[in-house]
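Here's the structure, in structure tokens; my notes come after.
2 protein chains.
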Amino acid sequence: MKQLGLYCSRCSAKLPFRYQDMKCSCGGTLLVDYDLERLSKTFTKEALQTRYPSMWRYNELLPVSNPDCIITLGEGWTPLVRLQNWELKLPIKQLWIKREEQNPTGSFKSRGFSVAVSLLKEAGATKAAVPSNGNAAGALAAYASHAGIKASVFIPLDCPPLIVEECPLYGADTFLVDGLIHDAAAIIEAGKQEQGWVNVGTLKEPGRVEGKKTMGLELAEQLGWTFPDVIIYPTGGGSGIIGMWKAYHELKALGFVDGPMPRFVCVQEEGCQPIVDGMLPQAAMDLAGGASRPSPTGMRVPQPPDLPLILSIVKQSGGTALALSKSQIADATRTLGTQGISSSPEGSATWAGLIELCDNGWLRATDSVVLFNTSHAMKYAQLESICSVPRIRSYADYKALGY
Amino acid sequence: MKQLGLYCSRCSAKLPFRYQDMKCSCGGTLLVDYDLERLSKTFTKEALQTRYPSMWRYNELLPVSNPDCIITLGEGWTPLVRLQNWELKLPIKQLWIKREEQNPTGSFKSRGFSVAVSLLKEAGATKAAVPSNGNAAGALAAYASHAGIKASVFIPLDCPPLIVEECPLYGADTFLVDGLIHDAAAIIEAGKQEQGWVNVGTLKEPGRVEGKKTMGLELAEQLGWTFPDVIIYPTGGGSGIIGMWKAYHELKALGFVDGPMPRFVCVQEEGCQPIVDGMLPQAAMDLAGGASRPSPTGMRVPQPPDLPLILSIVKQSGGTALALSKSQIADATRTLGTQGISSSPEGSATWAGLIELCDNGWLRATDSVVLFNTSHAMKYAQLESICSVPRIRSYADYKALGY
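Taken in order, these protein sequences are the chains called G and V. All residue numbers in the first sequence are consecutive under my numbering, ending with 405. All residue numbers in the second sequence are consecutive under my numbering, ending with 405.
In structure tokens form, the structure reads like this:
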């Protein structure tokens, strides 16, 4: 049995472990607390060397206590590919891309839901629901069905039809919501008690941040237990940034890595850029944003559940945030394509961000930079919808369908 | 520099290594010959333990001599997932699925083209062409563009539009052919000399079989240096079966694994089943096949380039071949979906084959069985074509486009 607790990322309060309701009374987000001093005696770099290449190799730093409850579909230990041709063309030292699309559900969301669903299994939960721009819904659907847990997923209706379609394939009750991701979240909150759902939305439970944390752990191990100088990451709800930041603090506490933390760069699409706006001084912020209609990608999260936490991480790390235009993102998809990489709009935005930060001199000649490609290009094809998924606006509409 | 040669899989003739034209004068297929006795001194199980989880960990058993020519996008070391729930329901001992869709191009084809394109790079070739039902075209396109080699790909026009569309994304000259895969191959043969293409079609060059071989190497290593009892594999041109068979002979020669070879089961779709027909006694064969119209999948190869070699492997291994119906394959996609696995029709056919071999008693209660999921379900969505790829019937049509 692991000795787990929770701590508040805002007020530092300590609480006993629980698998849902991650809001502290101060309004901050609760994160999982490990006894790192005790762990450091047996959890060593040497012990890792011969472990199987899965994100569960970091088992000691993951919150599932009963190994029989681990729900795995082959997630994590995705390749880190070096783009040497471009290192010669750009004013940086090293360039890497982390191929998160090679996860079991075709996106980085597999990681968080492997842990979240394992925790549900351990807790004996039988029903879970998530609001999602698509890939989180597919990941919950896949892991929940593997675990024998009923999943209900709520997706804005303009999201990519192929990603939507995967959810009923995995056996989830799937609904298209006439609204954005927070409208989908509101439906779940409205029905949570009546339906018996555990809400596994961003920062609502501890597993997704812990699962995303493994991206940071892997990256450090794949780079020979060093940190890159800069991580460019497509940011929506922010659990990836929070998770990787947490990973690096834990690795430092364990004595695995020395030296400065990476600078975190959040990329978003113009028109839905709360993190970019949040980094600006107040006067500038009032003028920014809102001009263009953002695309239905994982970056389109107008109201991240803990914006202050994301902003504090980006600022503390010496990072920055950038909003890219649709056409910059589309150009990036083509550029990555001709390097043999099929990148989602989110992954492409990291490339577009890289180019902009090279052009404006923010990146340094000594920087090693890591991009995250979070899904495949083809899953985003905007084709006529092929799915007969019901469309709803409210929890009342949901009920009217007979649930 | 590696001491490589070639040997004929039919007449056993030995030849110097070359990177194209794999047909022996006897009509057999030439395969790569390694000095296994010399290798066994340094290539050990222990040496592998701390190597990076990529298919290139088996570098000594791959034919690329110059490490600077290796074209890698993060291929291989895909997860092997155990399906324990189904072990309880089916009359077998162990059930595993190898998740080949988690390769960089979303299919098992990444492996073969990583090696084939590396060999092209090493040889200084600048243009390559392939006939393909889709996934091989995408893989050539991706690896060639990463290597700075020009790819031309020829795909039957009813193949899945999303897979087709990936090829121009990767920068390949892409053509839809009014015909089947051998018609596409004929166009390449007709234009090969004039266009300067290396034909990297199935068994035309040594890299693809060697790359596919790594599926067998990995499987043995992932199972603790043992062989499974049965491998169920979706078979079109047969390079995967040939590659895995070769892998297991090499592992036995190296002393890595003892015991009997796995029984190889080839699955195909009804209506295009040359391997299934080839396994029948002649009288039965004349009556078989041709009744239904086969789907445009990787299994639709009416004329495998070396059918006798595939048949001899299946027979020697004590295996079998099965043709599944469209509806059996569609049912299997749903069954795998509700286990959290998005499977291509080819991957689904392995599940359908499993069920049939359980029902008819061919599988034994002591058998450990491995299925191969070769690609994602969603890439096969039969939507209105979104690509403006030119359609051709002949090399003359190709020329008329101005090439």
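Built from N, CA and C at the ideal position, the CB exists for glycine as well. Because the structure is a prediction, the values reported are computed rather than measured.
Check                                                                                                                                                           : Outcome
Taking a cut of 9 Å between CB atoms, which residues from the stretch 359-387 of chain V lie near chain B?                                                      : The question asks about chain B, but that chain is absent: this structure's protein chains are G and V.
Let me see if you follow: with CB-CB separation under 8 Å, is residue 75 of chain V close to chain G or not?                                                    : yes
Quick one: does residue 217 of chain G have its CB under 8 Å from some CB of chain V?                                                                           : no
Consult DSSP for residue 86 of chain V and reduce its assignment to one of helix, strand or coil.                                                               : helix
Mind checking residue 182 of chain G: buried by the 16 CB within 10 Å criterion, or exposed?                                                                    : buried
In the structure shown, what three-state DSSP assignment does residue 32 of chain V receive?                                                                    : strand
Any idea if residue 13 of chain G is buried or exposed, counting beta-carbon neighbours within 10 angstroms, 16 or more meaning buried?                         : exposed
Could you tell me whether the Cβ of residue 291 of chain V comes closer than 8 Å to any Cβ of chain G?                                                          : Residue placement at residue 291 of chain V cannot be trusted, given a pLDDT of 49 that sits under 50; the coordinates are not used to answer.
Along chain V, which residues have their Cβ under 7 Å away from the Cβ of residue 178 of chain G?                                                               : Those do not exist, as residue 178 of chain G stays about 17 Å from chain V at its closest Cβ, beyond 7 Å.
Using a C-beta to C-beta distance shorter than 7 Å, which residues of chain G count as neighbours of residue 147 of chain V?                                    : 340, 341, 342
Just the chain V side, please: which residues come within less than 8 Å of residue 173 of chain G by C-beta, in chain order?                                    : 339, 340
When the Cα atoms are used, what is the spatial distance from residue 398 of chain G to residue 268 of chain G?                                                 : 36 Å
Output yes if chain V places a C-beta closer than 8 Å to the C-beta of residue 83 of chain G; else output no.                                                   : yes
Using a C-beta to C-beta distance shorter than 8 Å, which residues of chain V count as neighbours of residue 167 of chain G?                                    : 380, 383
Do you know how far the Cα of residue 33 of chain G is from the Cα of residue 391 of chain G?                                                                   : 35 Å
What number of angstroms, rounded off, separates the C-alpha of residue 296 of chain G from the C-alpha of residue 184 of chain G?                              : 15 Å
Determine, using beta carbons only, whether residue 104 of chain V comes closer than 8 Å to chain G.                                                            : yes
From V:204, V:48, V:77, pick the residue whose C-alpha is nearest to that of residue 307 of chain V; which is it?                                               : V:204
Nearest to residue 326 of chain V by CA position, among V:345, V:244, V:356, V:317, is which residue?                                                           : V:356
Please identify, using Cβ separations under 9 Å, the residues of the stretch 34-51 of chain G that lie next to chain V, in order along the chain.               : 51
I need the straight-line Cα distance from residue 186 of chain V to residue 77 of chain G, nearest angstrom please.                                             : 37 Å
Can a CB atom of chain G be found closer than 8 Å to the CB of residue 79 of chain V?                                                                           : yes
Can you check which of these residues, V:38, V:92, V:261, V:282, is closest to residue 413 of chain V by C-alpha distance?                                      : This structure leaves residue 413 of chain V out entirely; chain V is present only between 3 and 405.
Where does residue 378 of chain V land, buried or exposed, given buried means 16+ other C-beta within 10 angstroms?                                             : buried
Can you tell me the Cα-Cα spacing of residue 300 of chain V and residue 363 of chain G, whole angstroms?                                                        : 48 Å
Grab the span of the alpha helix (DSSP H) containing residue 77 of chain V for me, first residue to last.                                                       : No alpha helix (DSSP H) holds residue 77 of chain V; DSSP gives it neither H nor E.
Just the Cα atoms here: how many angstroms apart are residue 291 of chain V and residue 323 of chain V?                                                         : Below a pLDDT of 50, predicted positions are generally treated as unreliable, and residue 291 of chain V, at 49, falls in that range; no measurement from the model is reported.
What does residue 1 of chain G reach in chain V if we use C-beta pairs closer than 9 Å?                                                                         : In this structure chain G extends from 3 to 405, so residue 1 of chain G is not present and cannot be described.
What do you reckon, are the CB atoms on residue 263 of chain G and residue 316 of chain G nearer than 8 Å?                                                      : no
Confirm, please, whether the CB-CB distance from residue 47 of chain G to residue 247 of chain G is below 8 Å.                                                  : no
The beta strand (DSSP E) that contains residue 16 of chain V, what's its start and end?                                                                         : 16-18
Does the contact criterion of 3 or more C-beta pairs under 8 Å hold for the stretch 188-203 of chain V versus the stretch 334-342 of chain V?                   : no
Please state whether DSSP places residue 133 of chain V in a helix, a strand or coil.                                                                           : strand
Can you name the start and end residues of the alpha helix (DSSP H) that residue 115 of chain V belongs to?                                                     : 111-125
Would DSSP call residue 397 of chain V helix, strand or coil?                                                                                                   : helix
Taking only the alpha-carbon atoms, compute the straight-line gap between residue 61 of chain V and residue 208 of chain V and give it to the nearest angstrom. : 15 Å
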